[in-house]
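Take a look at the structure set out below.
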Amino acid sequence: MPKPDTRVVVLPSGFITNGWVHVLEDSEIALLLMVASHEGGWLEGGYAVVPAAVRLLNYGIHRDPYSTARKTLEWFGLIDVEEVGRHDDGRAEDDERMVHRIRLRVDQFERPGLDLMQEALSSQISR
Numbered sequence: 001m002p003k004p005d006t007r008v009v010v011l012p013s014g015f016i017t018n019g020w021v022h023v024l025e026d027s028e029i030a031l032l033l034m035v036a037s038h039e040g041g042w043l044e045g046g047y048a049v050v051p052a053a054v055r056l057l058n059y060g061i062h063r064d065p066y067s068t069a070r071k072t073l074e075w076f077g078l079i080d081v082e083e084v085g086r087h088d089d090g091r092a093e094d095d096e097r098m099v100h101r102i103r104l105r106v107d108q109f110e111r112p113g114l115d116l117m118q119e120a121l122s123s124q125i126s127r
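This is the structure we're talking about:
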């Protein structure tokens with residue numbers, strides 16, 4: 001057990017009990033942990049803000065896996081993302097004020113991961 005003054009990272013219980021741990025990629029799980037801890041970043045209006053340099057140094061998440069994981073988790077409804085001051089193509093030019101703001105959608109972890117993933121993939125295939 002952690003000591004009372006030890007900082008811990010908490011994910012929704014459904015992450016384990018509803019099988020999300022089994023259906024998400026490593027980079028997606030790393031991104032969830034980053035958002036939950038926001039170590040090296042800050043909170044702004046309930047959203048975690050973690051600059052790219054911190055994301056890479058503290059969490060080992062490079063731009064490409066981050067971009068893919070962010071879009072996938074948003075597509076599954078597990079996170080909300082606010083784009084702040086970014087170009088139309090999503091770029092930000094070395095300005096921390098333009099960093100994505102991300103928060104967990106705790107309620108979505110209550111759905112079975114495999115079911116939601118199958119629904120999302122089916123909807124993409126039928127498009």
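Under this note's numbering, read the sequence shown as residues 1 to 127, first letter to last.
We treat Cβ as the ideally placed atom computed from N, Cα and C, and that holds for glycine.
Quick caveat, the model's predicted, so the values are computed rather than measured.
Residue i to residue j span [Cα, whole Å]
i	j	result
G19	A53	31 Å
V8	V50	18 Å
T6	A48	20 Å
K71	S122	17 Å
S126	P4	50 Å
L57	G41	12 Å
V21	R111	13 Å
Q118	M34	25 Å
Q124	I79	19 Å
For residue j and residue i, believed in contact at Cβ under 8 Å, the rounded distance
i	j	result
V84	E74	Incorrect: roughly 15 Å between the Cβ atoms, too far for contact.
P129	F109	The requested residue 129 does not occur in the structure, where the chain is confined to residues 1 to 127.
G113	V23	4 Å
Identity of the residue in the options nearest residue i by Cα
i	options	result
A120	R105, G77 and R103	G77
L43	L104, Q118 and S122	L104
E39	L116, R55 and Q124	R55
I16	S123, R127, V106 and Q124	V106
I102	P4, A36 and E25	A36
G45	T68, H100 and M117	H100
D26	M117, P65 and I79	P65
Bridge partner(s) assigned by DSSP for residue i
i	result
V99	Paired residue(s): none; V99 is not in a bridge.
E82	R101
E119	In the DSSP output, where bridge partners are listed per residue, E119 has none listed.
Y47	E44
Report yes or no: do the segment 61 to 68 and the segment 30 to 39 share at least 3 C-beta pairs separated by less than 8 Å? yes
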